[in-house]
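Residue numbers (my numbering): 3 to 42. Here a beta-carbon is modelled for each residue, glycine too, at the ideal position from N, C-alpha and C. Taking it in order: structure first as structure tokens, then the write-up.
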């Protein structure tokens with residue numbers, strides 16, 4: 003039972019990290035695109 007809860011906790015943390023990385027990547031791409039389109 004304890005192992006199951008630990009596994010779920012680790013999975014949730016992993017998902018949070020992955021989602022944060024994806025959001026950062028998409029935001030960086032949007033900012034970069036806006037930056038480039040602003041100059042060209």
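- Annotated three-state conformation of residue 8 is helix, per DSSP.
- Here the C-alpha atom of residue 14 lies approximately 12 Å from the C-alpha atom of residue 22.
- Distance from the CA of residue 31 to the CA of residue 3, rounded to the nearest whole angstrom, comes to 42 Å.
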